[in-house]
Amino acid sequence: MRERARIVTRWGMVIDLDRCTGCVACEVACKSENNIATVPPDQAAMGRAKSWMKVVAEVEGEFPDTSLHFYPRPCMQCDNPPCVKVCPVAATYINDEGTVAQIYARCIGCRYCANACPYTVKYFNWYGPEWADSERQHLNPDVSVRPKGVIEKCTFCHHRLQQAREDARAEGRVLREEDYQPACQEACPTAAIVFGDLENSTHRVRQLKDDPRSMRLMEDLGTAPKVYYLRPRE
Amino acid sequence: MRHDVREKLARMSPDEQTLLRPLVETSRTFYISAAALGAIGLWGLYAYYLQVRYGLGRTGLNRPEYWGIYIISFVFFIGISHAGTLISAILRVAKAEWRRSITRSAELITVIVIGFGAIQPIIDLGRPDRALNIIFNAQFRSPLLWDVMSIGLYFFSCTIYLYVPLLPDLALIRDSGIKMPRLYRFLAAGYHDTPAQRARLERVIGVLSLAVIPIAISVHTIIGWIFAMTLRPMWHSTIFGPYFVMGAIYSGIGAILVAMVVLRRVYHLEQYFKDVHFDYLGRMLLLFSLLWFYFTFAEYLTVFYGAEPAEMRVFWAKISGPFAIPFWTMVLGAFVIPFVLMSRQATRTPRGTLIAGMAVVVGMWLERYNIVVPTSVNPIWELESLAHYMPSWIELSIMAATFAGFILLYMVATKFIPIVSIWEIREGRQESVKQVADRVATYLPDSSLPAGVVES
Amino acid sequence: MSPSRRSFLWTMGAAATAYGIQDTTRVFWSPEPASQAGWTPGIEKHLTSTCLVCPARCGIRGRVVDGSLIRLTGNSLHPMNRGGICPRGVAGVQMLYHPERIAAPLVRVGPRGGARWRAVSREDALVLLLERLRELRSAGHPETLALLAGFCSGTMEDVWRQFLTAYGSPNYVADDYQDGTESVMRLMHGIDRRPGYDLERAAFVLSFGAPLFESWWSPLQAFVAYADPDERNGQRPRFVQVDTRFSRTAAQAQEWVGIRPDTHGVLALGIAYVIIRDQLYDTRFVADHVSGFEDSIDAEGHLREGYRSMVLRSYRTEEVSAATGVPVERITSLARAFAENQPAIAVCGMDVTHAQRGLMAGMAVHSLNVLMGSVNRPGGVLFGQDPPVAPLVTPVMDDTATIGLARGPAGGAGPQLGAHGAANRFAGAVVDGEVTVDTILLYYSNPLASSIHPQTWRAALARVPFIVSFSPFLDETTSQADLVLPDLLPYERWQDASPPASYPYPVWGLARPLVDPGTSGMHSGDAVLALARQLGGSVAESLPYDSFETLLKQRARGLFAVRRGMLLGNAFERRNQRRMEERGWWLAEHAEFEPFWQDLVERGGWTDPFFDHTDPARLAQTASGRVELMPDAFARGAVAAGLGPASYLALDTVKSAASTDFPLRLIPYRLSTLASGTLALERWMSEAPSLFPNVHWNPWVEVHPETARALGFHDSDYVWVVSSRGRIRAQLKVFPGTAPDNVCLPYGLRHPDGALANPLQLLDGDHDVLSGLASWSSTFVRLERA
Ligand SMILES: Nc1nc2c(c(=O)[nH]1)N[C@H]1C(S)=C(S)[C@@H](COP(=O)(O)OP(=O)(O)OC[C@H]3O[C@@H](n4cnc5c(=O)[nH]c(N)nc54)[C@H](O)[C@@H]3O)O[C@H]1N2
Ligand SMILES: Nc1nc2c(c(=O)[nH]1)N[C@H]1C(S)=C(S)[C@@H](COP(=O)(O)OP(=O)(O)OC[C@H]3O[C@@H](n4cnc5c(=O)[nH]c(N)nc54)[C@H](O)[C@@H]3O)O[C@H]1N2
Ligand code: SF4
Ligand code: SF4
Ligand code: SF4
Ligand code: SF4
Ligand code: SF4
Ligand SMILES: [Mo]
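Protein chains in written order, with the working numbering: chain A, 1 to 234; chain B, 235 to 690; chain C, 691 to 1476.
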């Protein structure tokens, strides 16, 4: 059997809504990192565009008393993920470190998980991805391109963890907080996204998740998301 | 009809003559309708080919409207399938004598419709090529898997439940030699209607009719659970299991009524599907329309009182929003029309039940639509929900083909098996009148003894 | 059924099934990244460069695998963006590998604009152009060569200017849309430079319509000020956004103030009123460094009203409130907050200056900085300096060149106070036949799409016999070209790229090739150098450089020699350097130039984090040596332009709906997701250009819910936005942050078929007579069902 240090690791994210300016750099960075193809205009109009990270805006009030909040919304990586329970073939599962992953090669495309996810973060490949020939050159070789007919979603940039592990092993050291950071975090110009191990007291996410401003989306559902939000100040 | 067949037929009893005639005599209308239905079926196959070839993108589905026509059809057809087996099983168990002429047509609906229902989720798969993963990588916490199992079992048991009571009739056809002797020799499987065989047969039927009831209930309960096990507004509801079962039986009765009226006309079965059958089934329909109303009312009232924002969005979308037309049409079809027509003796006629039955079938289809679509387009997290759903011609073609295929197979089946159970009618004529009289006698207080005295 | 018919049907059925199966078996085959077919671990590099997608010029890093650019991220050593990046920056990979990139130099075949081309080699293309240029010079008419230079700065601009000068053409036509603040600064400070803003150290930022967090000169600069965790101990400036629409900047600012269009200047003076009335201004600074505050007697003995009297007389709070729509208490509290939270900055957006009284409005906003002494001090308005790179060689001019240059620029010098709108004046002069242009070079410019007057440009280009475009894309204007010499894309070329003036510290950012250029295009800089070399004579002497890369290296010697500043470094290194320089020290990191250059390329550039606030030349270079609140030149200009002696804004300048035909005011605005102007869009951007979840690939117009209801429109309906000059089809988006009498239409959007929907082309032509800048928000429109 595989031997594993009995240290629990739970990767998680804290998004500071006070810092987020809704610039959507995270969205595009995620698309670039994870080979997310666009769909043609008519398809987008049908609601088939994909964006594993989506900055959702909530508007309140009318001019001139308007207010607006941005919620950058990746997969919540629930500790108690409804999507995992319903998948008939375990193509979506929660791994040892709490990350909810997808096995594209196993998914039968029933979209049950997508319906079960209360955050609507699962995206289906209604058609196969389309890249212009020239655009294939910028595809990230570390991330597989999803074929048609399967579900996909934010993976917490899992391939980066594998890479970081390999690098750390090669250099003979333990994995540091900054070794494994997802693409959205890396791009965010206001450092609104913080990523790390929720169980590791030296990681910033661990401290921030206990901040008084901390909350999770639809906490009452009991899905126990590993993505926390810090409410705007004031 | 060939001359020798006609002669053979002429030698048989009047029941047999009427009921076997469709097996050997086929009208022009039959061929024309069959050809038309076949054409629709092929068109649907072509549509499915396109869908496989190019992807589910050819449907009108999207995010968050992940499920559409196929899942609606799935729930609907599996619902219809409760017609048969469940009704015939209950009537058999309850020893309702008036069942004798209607069980066969109902059981036939069941078997055929399960098949068409069961393929819907496969049509709906993004990767039908991987459908078997459901066996290789089964994940037992998924209600979808329970569903696969229960439908499998259901199909299996219903087929047997259709087949076993068929044996005496198959043997009869084999012995009469009016049609395909080799085929019927094979189908009849050595059944010769000896008293021992008959006794065994009746025992098996008795057991099957008991067994099939929980299986059928489980099937539609689980289908309800597929929805209820998610956290989506107006799906996540404990009432869904029983609600779905009730609805399934309801739509099943509606479907049988329609089938009976049609069969009665085309095969001149007025003597078998009598007014009393329609009257009794009409009463059942009335009962179920009230049940339906009760369940639906309970469901919506609880939602309304809970007044959770996400649920209310779906609620209002149905009551007065974009889904008001399908919703109120559903209420009309599934409650108002059947209730009004079936509550009066004067309209519990074949014609009245036909109208009510069709209204129920349509209403129940819409019920499935109203369950699947409004919730789909209103996810809990409403900030970005701007969804809409318009089925594509591919989906509509496949749906049409499913209906056509079902009707076609049913038609063809009536050319191979008597649509009214001959031996059960015979049995009814020969034995049950007396049996019933005896039975009724046992219900009554014994008039020869004074009260309090027990016969030893 | 007869057997033959039956077998026929069977055969048909079998054949159809066989075909279907055969046809569908491969449909689930999934496309893998090119590099995954027979995948081997790739050779991976992380290279530093500078983003050239917009004028902000952020530092970036590219991840390159096997020679392909995979990902772009921010360069954490760059002092302005510090590792952050904006969505357009990230999407650069899609610009590099854009399917619509021109594959090779093109020569037109058939009629102009007929979209028929012949591909030629780079050498042949250069020869074609060279022959033309030789002819013009030998005919003695070098001035008939013109360059329309859009997005052009740094060494690229220097090279073009040097080339034209040596060649003999005065027609370097800037198509670069100045934002008007440089004119304000020239008038008030005598410094002809756009101001920089020390946002990072400010305590209070009052933005008048400047889209700081979206599409400002450098949104990343604003982001860093908003959120940099390292440098500010969690303290951030208080951002207040005054805007006509509820923009994303307004959303994220701590406070937003909705205001009527064109009244930003009035509000600024209303704030000044409270500050002066309540004695909240910096009396020391005003006394020591400002003139025009108090009334004075001029040389001829006339009384000249000072700023104080003017403000106190004309900008009483109630009146300002009525004009701007901002409540009285709000004005008062804004003024108090501005005065009490020092250092405070008032930033002026482009739409303040792109208005009929734009120059005055810009001055009004900036006067708040002057009142509070928020100039040339930490956390205030700063005038930066260009990085001290080595100059180009002095241009050599032969007789032909001298004659040509003497003929002066086409279209003349322009308005005295602004000198803006050169491109449109040039086009007008060509159309009117005032000048003859034989050959026009288009560099980073697409006037047929971006100009407010595309018809004028169309007519002008029709009169130019030879049009050469350097664009790598077949944009609207390039489609009309006779010769296309496609430039390399930013990730394939060498270029220096300094942040815009809004970032006050000098940075010399360096863009260098992240990937091999391949053979499709040619660096326009190298093309100019090659042309100069082959033209020979004085032109060649003026540009004696082998390649753009060597030229940049040559210029970097200036940085090596200057004995200040540092190569880009992290926060610690920057702070350290600043402290040292404050004490007058400087340590050389490199003894030799070669390693200095290597390191500079590696780190992405050079910067100097030290700002000398004691230098009086960085406060005012006017004749009096003081900051002018009421500049003479302005008063004279106003009189000359027929605006009368009114020295400042009148309250009644707000234009209202001219007629009921056009009841709604059009507010164009710039999206954070779209690059300047008219570029072919990256798909990621087209798919999700805004925060409206259901807007994709489509122009849209934002309308207040009440307005939409009154007009009978629903969200997502298609409408025409109609002005007296034209109309644009757009999807209506109900947005409660739009004022009821305005509609907002973003720039740069295209229809799904690629056609541009440019709101600037609806503008009614109003402009500021003093600066020459077009008024961008004073056009009225109506909505019609489409
Ligand atoms: N629709 C619309 N019109 C606008 C504006 C707007 O936002 N939208 N903004 C206005 C403003 S403020 C400005 S500054 C102007 C800008 O307008 P222009 O000066 O015309 O600039 P752009 O349209 O951004 O780009 C011009 C062309 O440069 C080419 N180009 C792109 N990359 C390269 C390159 O690497 N090398 C070379 N040589 N060429 C390249 C592209 O073909 C592009 O069409 O437009 C004004 N007009
Ligand atoms: N993302 C991005 N950034 C860019 C560019 C880009 O294309 N994209 N382009 C760069 C270039 S070339 C330029 S020129 C600059 C331009 O940058 P800006 O000068 O900032 O121009 P706009 O983005 O058009 O923003 C104008 C703002 O003024 C407000 N406004 C609207 N109407 C009025 C009015 O009547 N009066 C006043 N006072 N304000 C009004 C608008 O709401 C809007 O917020 O941006 C640069 N930065
Ligand atoms: S990149 Fe950061 S600031 Fe921008 S939208 Fe995403 S989380 Fe918000
Ligand atoms: S769509 Fe794929 S991942 Fe989702 S439930 Fe079905 S098989 Fe599982
Ligand atoms: S957010 Fe949705 S997809 Fe992600 S883990 Fe939770 S339920 Fe699953
Ligand atoms: S963690 Fe990775 S996959 Fe998830 S949203 Fe961020 S960039 Fe995308
Ligand atoms: S702000 Fe401009 S320069 Fe900076 S990353 Fe974005 S596009 Fe590039
Ligand atoms: Mo601009």
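Glycine included, each C-beta is placed from N, C-alpha and C at the ideal position.
- When DSSP states are grouped into helix, strand and coil, Lys-54 of chain A belongs to the strand group.
- Taking a contact as a CB-CB distance under 8 Å, the pair Pro-1442 of chain C and Cys-23 of chain A does not count as one, their CB atoms being some 25 Å apart.
- Note that the segment 510-520 of chain B does not touch the segment 460-468 of chain B; fewer than 3 beta-carbon pairs, one per stretch, sit closer than 8 Å.
- Annotation: Cβ neighbours of Arg-106 of chain A in chain B (cutoff 8 Å, chain order): Arg-364, Asn-367 and Asn-371.
- Taken through DSSP and simplified to helix, strand or coil, Asp-888 of chain C comes out as coil.
- Short note on Arg-73 of chain A: C-beta not closer than 7 Å to any heavy atom of ligand 4.
- Check the Cα spacing between Thr-1022 of chain C and each of C:Asn-1059, C:Ala-958, C:Gln-1032 and C:Pro-1306: the tightest is with C:Ala-958.
- For Phe-1160 of chain C, the closest alpha carbon among the candidates C:Ser-1057, C:Arg-1153, C:Leu-1175 and C:Ala-1149 is that of C:Leu-1175.
- The alpha-carbon separation between Tyr-963 of chain C and Arg-1026 of chain C amounts to approximately 11 Å.
- A direct Cα-to-Cα measurement between Tyr-1359 of chain C and Gly-1226 of chain C gives close to 47 Å.
- Cβ atoms of Ser-307 of chain B and Thr-563 of chain B stay farther apart than 8 Å, at about 18 Å.
- Taking 7 Å as the cut-off, the C-beta of Gly-109 of chain A counts as close to a heavy atom of ligand 4.
- For ligand 5, residues qualifying as neighbours are A:Cys-75, A:Met-76, A:Gln-77, A:Cys-78, A:Pro-81, A:Pro-82, A:Cys-83, A:Val-100, A:Cys-117, A:Tyr-119, A:Val-121, A:Lys-122, A:Lys-153 and A:Thr-223, where qualification means a beta carbon closer than 6 Å to at least one of its heavy atoms (chain order).
- In this structure Asp-1186 of chain C is buried. Its beta-carbon is surrounded by 16 or more other beta-carbon atoms within 10 angstroms.
- Contact annotation: in the segment 69-95 of chain A, residues whose CB is within less than 9 Å of a CB in chain B are Tyr-71, Arg-73, Pro-82, Val-84, Lys-85, Val-86, Cys-87, Pro-88, Val-89, Ala-90, Ala-91 and Tyr-93.
- In the assembly as shown, Tyr-997 of chain C is a buried residue. Its beta-carbon has 16 or more other beta-carbons within 10 Å.
- Phe-853 of chain C is classed as buried because its beta carbon has at least 16 other beta carbons within 10 Å across all chains shown.
- In the pairwise beta carbon analysis, the segment 134-150 of chain A is classified as not touching the segment 184-196 of chain A: fewer than three pairs are separated by under 8 Å.
- Chain B places a beta carbon closer than 8 Å to that of Tyr-112 of chain A, counting this residue as a contact.
- Membership of Leu-230 of chain A in the beta strand (DSSP E) is indicated by the continuous run 227-230.
- When Cβ-Cβ separations below 8 Å define contact, Asn-34 of chain A makes no contact with chain C.
- Only those residues of the segment 38-64 of chain A whose C-beta falls short of 9 Å from the nearest C-beta of chain B are listed: Val-39, Gln-43, Met-46, Gly-47, Arg-48, Ala-49, Lys-50, Lys-54, Val-56, Ala-57 and Glu-58.
- At the C-beta level, Val-670 of chain B and Glu-331 of chain B come within 8 Å of one another.
- Contact annotation: the segment 1076-1089 of chain C does not touch the segment 1107-1116 of chain C, with fewer than three C-beta pairs closer than 8 Å.
- Gly-662 of chain B and Val-654 of chain B have their C-alpha atoms some 12 Å from each other.
- CA-CA distance, Leu-1258 of chain C to Asn-861 of chain C, rounds to 37 Å.
- Annotation: Asp-79 of chain A to Ile-36 of chain A spans about 25 Å, alpha carbon to alpha carbon.
- Across the segment 1021-1035 of chain C, no CB contact with chain A closer than 9 Å is found for any residue.
- By a beta-carbon distance limit of 8 Å, Gly-1069 of chain C contacts Ala-892 of chain C. Their separation comes to about 4 Å.
- Judged by DSSP secondary structure, Ile-1357 of chain C falls within the beta strand (DSSP E) whose first and last residues are 1354-1359.
- Between the segment 485-500 of chain B and the segment 309-317 of chain B there are three or more C-beta pairs closer than 8 Å, enough to call the two in contact.
- Judged by DSSP in its simplified three-state form, Asn-1266 of chain C adopts helix.
- In the three-state scheme derived from DSSP, where H, G and I count as helix and E and B as strand, Cys-1038 of chain C is classed as strand.
- Residue-level contact check: Gly-22 of chain A touches chain C, since one or more beta carbons of chain C fall below 8 Å from its beta carbon.
- Considered as a whole, the segment 902-977 of chain C harbours 909-917, 938-942 and 954-967 as its complete alpha helix (DSSP H) runs of no fewer than 4 residues, in chain order.
- Secondary structure of Gln-852 of chain C (DSSP, three-state): helix.
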